[in-house]
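Chains as they are written, first to last, in the working numbering: chain A, 1369 to 1482; chain B, 14 to 169.
For each residue, glycine too, the CB sits at the ideal point set by N, CA and C.
Structure, as structure tokens:
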């Protein structure tokens, strides 16, 4: 098979047409930039930085309730194991050492705002 | 002792023996609730830390800790107490209810839990949580609050 050498020394540098120049120095870099930008913006939804809560911004996630063992704390679980462990004698009135008013009712706790 | 019919065993999350492994399809082990949690404001690392904190707090204190993050109906306190009643054995349960939209935080301790965590201790934990939330650190605030509540409750 005959092999012909068509390239001549100095031809590429001397006779680069306008179209070739545009293609090499404009079109290819633009294509690379477009590809990279597309990859950046098509990133995983899960890693969006605006998913985190910021004070003052609306929080539009569904309510979530975390429990260590959800299957053990269903509303219908009527095991009598824990009430049996309770002491027979109820404690008296719970009050602060400083005599502060405690929340009325059987449940306690605290509230706060930010 | 023979293992019996492997198809009758429910030891793994795989649908059938010889199927895809869990490492090939990790979503097989994710429950519907887990997928829901992943769509929430926390990433996987924060969810794992929260899970660990809840488990450790429950084991150390013998109380039932739970964290609710979402909107609460007005009046907020009553709404949080209604949620607290829905936990089985609410007398030993501690509920941390956070409403980021209303910027309100409620800690509800049951009758028994209140003897271990006084209202003053709960207020202290609430203050540190509110400080974290005001800085936008939802997961960090919940974690530090749980840690404080469990520390005040002591070992059972």
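Starting from residue i, trace the beta strand (DSSP E) in both directions and tell me its first and last residue.
{"i": "residue 138 of chain B", "result": "Residue 138 of chain B -> not in any beta strand (DSSP E); alpha helix (DSSP H) instead, spanning 132 to 147."}
{"i": "residue 106 of chain B", "result": "106 to 112"}
{"i": "residue 1481 of chain A", "result": "1476 to 1481"}
{"i": "residue 78 of chain B", "result": "77 to 82"}
Just to make sure I have the definition right: I need the residues of chain A whose C-beta is within less than 8 Å of the C-beta of residue i. Which are they?
{"i": "residue 114 of chain B", "result": "1426 and 1427"}
{"i": "residue 67 of chain B", "result": "1434, 1435 and 1436"}
{"i": "residue 97 of chain B", "result": "1475"}
{"i": "residue 149 of chain B", "result": "1420, 1421, 1422 and 1423"}
Who are the near neighbours of residue i in its chain, counting only those whose CB is closer than 8 Å to its CB and skipping five residues on each side?
{"i": "residue 1446 of chain A", "result": "Because the pLDDT of residue 1446 of chain A is 38, which lies under 50, any placement of that residue in the model is unreliable, and the number read from its coordinates should be weighed accordingly. For residue 1446 of chain A, where only same-chain residues beyond five positions count, there are no Cβ hits under 8 Å."}
{"i": "residue 142 of chain B", "result": "109, 111, 118, 154, 155, 157 and 158"}
{"i": "residue 104 of chain B", "result": "123, 124, 125 and 126"}
{"i": "residue 116 of chain B", "result": "146"}
In terms of residue numbering, what span does the alpha helix (DSSP H) encompassing residue i cover?
{"i": "residue 1401 of chain A", "result": "1396 to 1409"}
{"i": "residue 89 of chain B", "result": "89 to 98"}
{"i": "residue 10 of chain B", "result": "Since the displayed chain B opens at 14 and closes at 169, residue 10 of chain B lies outside it and no answer follows."}
What is the DSSP secondary structure of residue i, counted as helix, strand or coil?
{"i": "residue 160 of chain B", "result": "helix"}
{"i": "residue 118 of chain B", "result": "strand"}
{"i": "residue 101 of chain B", "result": "coil"}
{"i": "residue 1429 of chain A", "result": "coil"}
{"i": "residue 1435 of chain A", "result": "strand"}
{"i": "residue 1385 of chain A", "result": "coil"}
{"i": "residue 124 of chain B", "result": "helix"}
{"i": "residue 129 of chain B", "result": "helix"}
{"i": "residue 1391 of chain A", "result": "helix"}
{"i": "residue 48 of chain B", "result": "helix"}
{"i": "residue 1420 of chain A", "result": "coil"}
{"i": "residue 85 of chain B", "result": "coil"}
{"i": "residue 53 of chain B", "result": "coil"}
{"i": "residue 169 of chain B", "result": "coil"}
How should residue i be labelled, buried or exposed, when 16 other C-beta atoms within 10 angstroms of its C-beta is the threshold for buried?
{"i": "residue 169 of chain B", "result": "exposed"}
{"i": "residue 47 of chain B", "result": "exposed"}
{"i": "residue 1480 of chain A", "result": "buried"}
{"i": "residue 161 of chain B", "result": "buried"}
{"i": "residue 148 of chain B", "result": "exposed"}
{"i": "residue 74 of chain B", "result": "buried"}
{"i": "residue 100 of chain B", "result": "buried"}
{"i": "residue 55 of chain B", "result": "buried"}
{"i": "residue 192 of chain B", "result": "Absent from the structure is residue 192 of chain B, since the part of chain B shown begins at 14 and ends at 169."}
{"i": "residue 1406 of chain A", "result": "exposed"}
{"i": "residue 107 of chain B", "result": "buried"}
{"i": "residue 88 of chain B", "result": "exposed"}
{"i": "residue 1423 of chain A", "result": "exposed"}
{"i": "residue 1401 of chain A", "result": "exposed"}
I want to verify the contact list: residues of chain B whose CB lies under 8 Å from the CB of residue i, in sequence order.
{"i": "residue 1395 of chain A", "result": "Within 8 Å Cβ-Cβ: nothing; residue 1395 of chain A doesn't reach chain B, min ~40 Å."}
Counting only Cβ pairs nearer than 9 Å, list the residues of chain B close to residue i.
{"i": "residue 1430 of chain A", "result": "49, 52, 53 and 83"}
Given residue i, which residues of its chain have a CB within under 7 Å of its CB, disregarding the five upstream and five downstream residues?
{"i": "residue 94 of chain B", "result": "121"}
{"i": "residue 1421 of chain A", "result": "1427"}
{"i": "residue 92 of chain B", "result": "85 and 86"}
{"i": "residue 71 of chain B", "result": "77 and 78"}
Please compile the residues from chain A whose C-beta is within a distance smaller than 9 Å of the C-beta of residue i.
{"i": "residue 156 of chain B", "result": "Those within 9 Å of residue 156 of chain B in chain A number zero; the least Cβ separation is about 11 Å."}
{"i": "residue 143 of chain B", "result": "1480, 1481 and 1482"}
Take residue i and list the residues in its own chain whose beta-carbon comes closer than 6 Å to its own, dropping the five residues that flank it on each side.
{"i": "residue 67 of chain B", "result": "78"}
{"i": "residue 165 of chain B", "result": "130 and 134"}
Applying a beta-carbon distance threshold of less than 7 Å, which residues of chain A neighbour residue i?
{"i": "residue 94 of chain B", "result": "1475"}
{"i": "residue 123 of chain B", "result": "1475"}
{"i": "residue 119 of chain B", "result": "1477 and 1479"}
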